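Engineer: Here it is: the structure, laid out below.
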Amino acid sequence: MSLSCGCDFDASDFDTWWQDYSEFKPLQTKRSRKCCSCSSKIEVGAETMEFYRFRHSRGEIEERIYGDDGEVPLASSFMCEECAGLYLALEELGYNCLDITYPMKSYIAEYNEMREEDEKWRLKQSLPG
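Take the sequence shown: its letter number 71 is residue 101 in the numbering used here, and every next letter is one higher.
Structure (structure tokens):
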């Protein structure tokens, strides 16, 4: 997965998807969870960001409950404080199409590479002749 400022996201193209997320809050589950990005253990009570996941309704009963184009809620995914901070920083820079299951540190490494290449290009352009 690579950094992108935008994406053509259509939920009908996917079995499951996430949309929206919570503010930072303590993990309030009975057991620890794994970060959806880096797979590190998130202890109960640790700061985390919750991502809300959905899937399309399947079958007649779910369609009656959730509607024809219904979004069936699934168990949330959680991101550790470090990855969530990186996610928010990238989002603030305009990268709005990030895969939450991809390591945020890899996105940051890619961003830094792009910045270095850009800096080299600018330096090259500023040199006389």
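Beta carbons are placed, not taken as given, at the ideal position from N, Cα and C, and that holds for glycine.
Since this is a predicted model, take the numbers as computed values, not measurements.
Note down the Cα distance separating Ala105 from Leu118, rounded to an integer number of angstroms.
Structural biologist: 22 Å
Engineer: Taking only runs of the beta strand (DSSP E) that begin and end inside the region 66-120, which ones reach a length of at least 3 residues, in chain order?
Structural biologist: If we require 3 residues or more, the beta strand (DSSP E) runs fully inside the region 66-120 come out as 77-86, 101-103 and 107-110.
Engineer: Give the DSSP-derived three-state secondary structure of Arg152 in the structure shown.
Structural biologist: helix
Engineer: Measure the C-alpha to C-alpha separation of Trp48 and Trp151 and round it to an integer number of angstroms.
Structural biologist: 37 Å
Engineer: For Cys65, verify whether its CB is less than 7 Å away from any heavy atom of the ligand FAD.
Structural biologist: Among the components of this structure there are no ligands whatsoever, and the ligand FAD is therefore not found.
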